[in-house]
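A quick write-up on the structure given underneath.
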Amino acid sequence: MLTRVSVADYAAELASGKPAPGGGSAAGLAGALGAALGEMVANFTVGRQQYADGEQEVRAALERLTELRAALLALTDSDAQVYPRVRAAYRLPKDTEEQKMQRSGAIQDACRAAAEVPGQIVLRCCETLEQLPVLLEKGNPNLLSDVGVAAKLALAGAHCAWLNVEINLAVLTDRQFAAQVRSEMAAKLQAAEDVTQQLWEATVKQICK
2 MLTRVSVADY AAELASGKPA PGGGSAAGLA GALGAALGEM VANFTVGRQQ YADGEQEVRA
62 ALERLTELRA ALLALTDSDA QVYPRVRAAY RLPKDTEEQK MQRSGAIQDA CRAAAEVPGQ
122 IVLRCCETLE QLPVLLEKGN PNLLSDVGVA AKLALAGAHC AWLNVEINLA VLTDRQFAAQ
182 VRSEMAAKLQ AAEDVTQQLW EATVKQICK
């Protein structure tokens with residue numbers, strides 16, 4: 002499992018000539034790091050008397066961010082595992098009509114699965130962003146910059162995963178499914194961008210006042 006190796010080893014795997022891990026896996030890791038930074042802010046807040054007024058809300062955000070970090074790390078591994086299936090499908094023989102049909106079906110199935118995994122990364126990154134406003138409002142103010150970094154990492158994960166969704170949707174012949182996924186992704190990404198912009202502006206305003 003990629004998430005069980007050192008950061009240096011993961012980066013080396015990413016840099017290698019192997020087809021996986023690639024951008025989708027890296028997107029999942031970016032989102033997981035964003036969630037982890039959010040957890041850090043929450044952990045520097047809960048249990049401290051001066052932040053007691055927001056304790057319940059911050060603790061709830063902490064619990065959800067912990068779940069999201071775990072989910073995104075699992076997806077980091079899943080994305081690296083799903084791409085070889087796409088590669089294998091394209092390498093199937095296509096000498097006869099029957100082989101062509103089997104190959105085409107295998108490509109469709111593999112690309113659909115390869116779109117679904119980064120799609121889940123997009124959704125989990127967007128959920129991560131939803132947990133951050135309460136940390137900016139009620140979290141430890143000494144970690145304001147970490148809230149901003151968490152937001153940018155989560156949004157980067159969402160944007161990068163979306164690219165991997167799109168490249169696989171483009172192959173699908175089920176255009177209704179592709180359109181449905183694109184519509185859902187567009188709405189989620191717009192909301193994520195709005196939240197990130199608000200968080201970033203508020204963070205910069207407080208830090209640079």
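Each residue of the sequence shown is one higher than the one before, starting from 2 at the first, in the working numbering.
The beta carbon of each residue, even a glycine, is placed where N, CA and C say it ideally should be.
Can you tell me the Cα-Cα spacing of residue i and residue j, whole angstroms?
i, j, result
"M102", "A171", "19 Å"
"E167", "Y11", "25 Å"
"H160", "M186", "10 Å"
"L76", "Q82", "9 Å"
"E40", "A90", "40 Å"
"D96", "R104", "10 Å"
"Q50", "P142", "14 Å"
"A86", "A111", "Note that residue 86 is Arg in the sequence shown, not Ala. Each residue's Cα considered, the two are about 6 Å apart."
"G106", "A114", "12 Å"
"S146", "Q198", "14 Å"
"L93", "Q100", "8 Å"
"D78", "G18", "18 Å"
"T4", "E56", "31 Å"
"A61", "D175", "39 Å"
Flag this pair as yes or no: are the beta carbons of residue i and residue j separated by less than 8 Å?
i, j, result
"L164", "G24", "yes"
"L136", "V150", "no"
"K139", "V47", "no"
"L190", "R125", "no"
"L63", "N44", "yes"
"A192", "C127", "yes"
"P134", "V182", "no"
"A21", "Y84", "yes"
"L15", "A27", "yes"
"L144", "V8", "no"
Assuming residue i contacts residue j (C-beta within less than 8 Å), just tell me the rounded distance between them.
i, j, result
"A180", "L173", "A180 to L173, Cβ: 10 Å. No contact."
"V205", "A162", "About 26 Å; that fails the 8 Å criterion."
"L66", "Q109", "Incorrect: roughly 36 Å between the Cβ atoms, too far for contact."
Q | Contact between the segment 30-40 and the segment 152-167 (3+ Cβ pairs under 8 Å) | A | The segment 30-40, when compared against the segment 152-167, does touch it at the 8 Å Cβ threshold.
**Q.** Three CB pairs or more closer than 8 Å across the segment 108-121 and the segment 169-183
**A.** Yes, the segment 108-121 is in contact with the segment 169-183.
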